[in-house]
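**Q** Basically the numbering used here = 1-based index in the sequence shown + 5.
Each residue gets a CB set at the ideal place from its N, CA and C atoms; glycine is no exception.
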Amino acid sequence: MGGMNYHISICFDDGVEWIARIRRFNATSPPPYLRDYIVQSEVAALKFLEKTAVPAPRVFDFALESPDNPVGVSYILMEKLPGASLRWGDDVTQEQKVRVMGQVAEIFIELRKYPFDSLGSLVNPKHPQVGSFSRESLTDFEQSKMRPMGPFSSWKQYHESSLRLILDLIVRGELYSLQAVDAYLIHKFLLDLLPSVLSKAAQDDDPKYYLKHADDKGDHILVDEDFNITGIIDWEWAYTAPLSDAFNSPIGFLPVSQFYDGVNFLGEDETIFARLLQEKDHPRLAESVLTGRLQHRYKFCCGYDLTDWKGFLGLFKGLREAVNVDTELSWDDWKSVALQRYRDDDGLQLLLTR
Numbered sequence: 006m007g008g009m010n011y012h013i014s015i016c017f018d019d020g021v022e023w024i025a026r027i028r029r030f031n032a033t034s035p036p037p038y039l040r041d042y043i044v045q046s047e048v049a050a051l052k053f054l055e056k057t058a059v060p061a062p063r064v065f066d067f068a069l070e071s072p073d074n075p076v077g078v079s080y081i082l083m084e085k086l087p088g089a090s091l092r093w094g095d096d097v098t099q100e101q102k103v104r105v106m107g108q109v110a111e112i113f114i115e116l117r118k119y120p121f122d123s124l125g126s127l128v129n130p131k132h133p134q135v136g137s138f139s140r141e142s143l144t145d146f147e148q149s150k151m152r153p154m155g156p157f158s159s160w161k162q163y164h165e166s167s168l169r170l171i172l173d174l175i176v177r178g179e180l181y182s183l184q185a186v187d188a189y190l191i192h193k194f195l196l197d198l199l200p201s202v203l204s205k206a207a208q209d210d211d212p213k214y215y216l217k218h219a220d221d222k223g224d225h226i227l228v229d230e231d232f233n234i235t236g237i238i239d240w241e242w243a244y245t246a247p248l249s250d251a252f253n254s255p256i257g258f259l260p261v262s263q264f265y266d267g268v269n270f271l272g273e274d275e276t277i278f279a280r281l282l283q284e285k286d287h288p289r290l291a292e293s294v295l296t297g298r299l300q301h302r303y304k305f306c307c308g309y310d311l312t313d314w315k316g317f318l319g320l321f322k323g324l325r326e327a328v329n330v331d332t333e334l335s336w337d338d339w340k341s342v343a344l345q346r347y348r349d350d351d352g353l354q355l356l357l358t359r
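1. Pick from Ala188, Gln162, Lys161 and Ser158: whose alpha carbon is nearest that of Leu172?
2. Pull up the CB-CB distance for Tyr215 and Thr245, whole angstroms please, since I reckon it's below 8 Å.
3. Suppose you measure from the CA of Thr57 to the CA of Gly236; what does that come to, to the nearest Å?
4. Could you tell me which of Leu320, Asp220, Tyr303 and His225 sits nearest to Pro200, measuring between CA atoms?
5. Once DSSP output is grouped into helix, strand and coil, what is the label at Leu71?
6. On the DSSP bridge assignment, give the partners of Thr245 in chain order.
7. Count the C-beta pairs between the region 129 to 141 and the region 302 to 319 that are closer than 8 Å, then say yes if the count reaches three, no if not.
8. Candidates Leu51, Val128 and Arg26: which alpha carbon is nearest Ser79's?
9. Whole angstroms are fine: how far does the CA of Cys16 sit from the CA of Phe321?
10. Taking the Cβ atom as the reference point for each residue, do Val44 and Arg63 lie within a distance shorter than 8 Å?
11. Closest by CA to Phe67, which one among Ser159, Leu334 and Ser46?
12. Quick one: Cα of Ile191 to Cα of Asp18, how far?
13. Using only the alpha-carbon positions, how far apart do Ala291 and Ile234 sit?
14. Leaving out the 5 sequence neighbours to the left and right, which residues in its chain are closer than 7 Å to Pro37 when beta-carbon positions are compared?
15. In angstroms, rounded to a whole number, what distance separates the CA positions of Ser14 and Trp23?
16. Taking C-alpha atoms, which residue in Pro75, Gln354 and Val109 lies nearest to Lys285?
17. Give a yes or no on whether the C-beta atoms belonging to Arg289 and Leu271 are separated by under 8 Å.
18. According to DSSP, simplified to helix, strand and coil, what is Asp95?
19. Taking the alpha-carbon positions, what's the Leu54 to Glu115 distance?
20. What span of residues does the alpha helix (DSSP H) with Pro200 cover, start to end?
21. What number of angstroms, rounded off, separates the C-alpha of Lys102 from the C-alpha of Trp93?
22. Return helix, strand or coil for Tyr2, following the three-state DSSP convention.
23. Using the C-alpha atoms, what's the distance from Asp250 back to Trp242?
24. If we require 4 or more residues per run, which alpha helix (DSSP H) segments fall completely within the region 290 to 336?
25. What does the alpha-carbon distance come out to for the pair Asp41 and Met6?
26. Check the Cβ-Cβ distances between Gln162 and every residue of chain D, and say whether any is below 8 Å.
27. Could you give the C-beta distance for Ala343 and Phe194, rounded to a whole number, given that I count them as a contact under 8 Å?
28. Taking only three categories from DSSP, how would you classify Ile24?
29. Select from Glu111, Leu51 and Ile112 the residue whose C-alpha is nearest the C-alpha of Leu82.
30. Under the DSSP definition of a beta bridge, which residues are partnered with Ala89?
31. Given a cut-off of 8 Å, decide if Ser126 and Gly137 are closer than it, judged by their beta-carbon atoms.
32. Is it buried or exposed for Trp240, if we count other Cβ within 10 angstroms and need 16 for buried?
33. Is it the case that the region 158 to 166 contacts the region 333 to 353, given that we only count it when at least three CB pairs across the two stretches are under 8 Å?
34. At which residues does the alpha helix (DSSP H) containing Pro37 begin and terminate?
35. Quick one: what's got a C-beta closer than 6 Å to Pro260's C-beta in the same chain, skipping five residues either side?
Right, dumping it as structure tokens:
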């Protein structure tokens, strides 16, 4: 059982094994039609990957939550790949790390061969193409009607739309209800920072978008005993992104404790990963890693779970230092400044009167 899905092994008499992937749901899950949309998008991403050299599981069949589905839940039947999830622990040697990172670099290089014209999630499993985002946090509902965001024509348009949706949901009492004022101030600030963040992204004349794994913290990589990659799994929420995001360092390569403490220097693994891309004659991809700290910080802060308040404060401090805005202010001082800065904002005034 993973965070979002159950996995059941299906063992055939001839020794072949498949996986039945079934999305978990509970009282806080999205409606069935959004769950179905997410399943179809994951299948579309896997079908697209079958045409590439990326080692991802093949899909044999899938079903949605419809009355004619005798199982009663949506599912994906897919190939069960060999190997175990990567664990980047202290017992992993430097040689093994470099071997894995070199193979991830090759996967990045392979994905760059397949550009898309817009930004969103893949839809239509028979003929994968870019459509709206298949993610709960990027979907609005109006009178029970689903309104997914996208596709978009620019990274700026995507960020503006997602941040405005968050601000709207805060005002409507549907998000951050226990810290509404704090969350509203934070996301207004993030919206203001967007031009600066975009200007500091890896400079590139590439107007295309590339498929990106949405949860690349490390356990999405399967490896054998010799640390050769046998597969990349869990493509739920995958989306197309600009070069600076699609080929930034995977989260699993970040120095986690320093990152959450607000340190903006790249870690050793990130530096090695960039060097490997450079050695493979892909300097643009290496640049995305070398200039990627601010991009990581900004994405982490957008929609962050504020119940992890200590973690957020470190991220927020690092973000302000990375853009050189309000760098010396404590949280309490920053909040006082922000309340004054946004005093004429209608949404903030409404929240303050509640």
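**A** The short version:
1. In the sequence shown, the residue the question calls residue 172 occupies position 167. Among Ala188, Gln162, Lys161 and Ser158, the Cα nearest to that of Leu172 is on Ala188.
2. Here residue 215 corresponds to residue number 210 of the sequence shown, with the count starting at 1. Here residue 245 corresponds to residue number 240 of the sequence shown, with the count starting at 1. The Cβ separation is near 6 Å, so the contact holds.
3. Looking up residue 57 in the sequence shown gives position 52. Looking up residue 236 in the sequence shown gives position 231. In a straight line, the C-alpha of Thr57 is about 13 Å away from that of Gly236.
4. Taking the sequence shown and counting its residues from 1, the one referred to as residue 200 is at position 195. It is Tyr303 whose Cα lies nearest to the Cα of Pro200.
5. As a first step, residue 71 must be located in the sequence shown, where it is residue number 66. Residue identity check: residue 71 is Ser in the sequence provided, not Leu. In the structure shown, Ser71 sits in coil (DSSP, three-state: anything other than H, G, I, E or B).
6. One-based indexing of the sequence shown puts residue 245 at position 240. Answer is Leu216, bridged to Thr245.
7. no
8. Taking the first residue of the sequence shown as 1, we reach residue 79 at position 74. Among Leu51, Val128 and Arg26, the Cα nearest to that of Ser79 belongs to Arg26.
9. Along the sequence shown, read from residue 1 onward, the residue named residue 321 stands at position 316. Along the sequence shown, read from residue 1 onward, the residue named residue 16 stands at position 11. Approximately 48 Å, taken between the alpha carbons.
10. Position 39 of the sequence shown, counted from the first residue, corresponds to residue 44. Position 58 of the sequence shown, counted from the first residue, corresponds to residue 63. It is not a contact, given that the beta carbons lie outside the stated cut-off.
11. Reading the sequence shown from its first residue, position 62 is the one you call residue 67. The option with the nearest alpha carbon to Phe67 is Ser46.
12. Reading the sequence shown from its first residue, position 186 is the one you call residue 191. Reading the sequence shown from its first residue, position 13 is the one you call residue 18. Their Cα atoms are separated by approximately 56 Å.
13. Here residue 291 corresponds to residue number 286 of the sequence shown, with the count starting at 1. Here residue 234 corresponds to residue number 229 of the sequence shown, with the count starting at 1. Spanning the two alpha carbons is a distance of roughly 21 Å.
14. Along the sequence shown, one-based indexing puts residue 37 at 32. These residues qualify, in order along the chain: Glu70.
15. What you label residue 14 is simply residue 9 of the sequence shown in a count that begins at 1. What you label residue 23 is simply residue 18 of the sequence shown in a count that begins at 1. Approximately 6 Å, taken between the alpha carbons.
16. For this step, residue 285 is matched to residue 280 along the sequence shown. Here the closest residue by C-alpha is Val109.
17. Looking up residue 289 in the sequence shown gives position 284. Looking up residue 271 in the sequence shown gives position 266. Contact: no.
18. Taking the first residue of the sequence shown as 1, we reach residue 95 at position 90. If DSSP states are grouped into helix, strand and coil, Asp95 belongs with coil.
19. Locating residue 54 in the sequence shown gives position 49, where the first residue counts as 1. Locating residue 115 in the sequence shown gives position 110, where the first residue counts as 1. Rounded to the nearest angstrom, the two C-alpha atoms are 10 Å apart.
20. Taking the sequence shown and counting its residues from 1, one reaches residue 200 at position 195. Residues Ala185 to Ser204.
21. For this step, residue 102 is matched to residue 97 along the sequence shown. For this step, residue 93 is matched to residue 88 along the sequence shown. Rounded to the nearest angstrom, the two C-alpha atoms are 8 Å apart.
22. As displayed, the chain neither begins before 6 nor continues past 359, which places residue 2 out of reach and without an answer.
23. Residue 242 sits at position 237 when you count from the first residue of the sequence shown. Residue 250 sits at position 245 when you count from the first residue of the sequence shown. Cα to Cα, Trp242 sits roughly 15 Å from Asp250.
24. 298 to 306 and 314 to 328
25. As a working mapping, residue 41 is identified with position 36 in the sequence shown. As a working mapping, residue 6 is identified with position 1 in the sequence shown. Straight-line Cα distance between these residues: approximately 19 Å.
26. The structure shown contains no chain D; it holds only a single protein chain.
27. For the purposes of this step, residue 343 is taken as residue 338 along the sequence shown, with counting starting at 1. For the purposes of this step, residue 194 is taken as residue 189 along the sequence shown, with counting starting at 1. Confirmed, about 6 Å.
28. Residue mapping note: residue 24 aligns to position 19 of the sequence shown, counting from 1. Strand.
29. Here residue 82 refers to the residue found at position 77 when the sequence shown is read from its first residue. Cα-wise, what sits closest to Leu82 is Leu51.
30. Within the sequence shown, the letter at position 84 stands for residue 89. Paired residue(s): Val228.
31. Residue mapping note: residue 137 aligns to position 132 of the sequence shown, counting from 1. Residue mapping note: residue 126 aligns to position 121 of the sequence shown, counting from 1. In the sequence as presented, Gly is not what sits at residue 137; that position holds Ser. Yes, these two residues count as a Cβ contact at 8 Å.
32. The count along the sequence shown starts at 1 and reaches residue 240 at position 235. The residue is buried, with at least 16 neighbouring Cβ atoms inside 10 Å.
33. no
34. If you number the sequence shown from 1, residue 37 lands on position 32. Unbroken alpha helix (DSSP H) run through Pro37: Pro37 to Leu54.
35. By 1-based counting over the sequence shown, the position of residue 260 is 255. Gly272.
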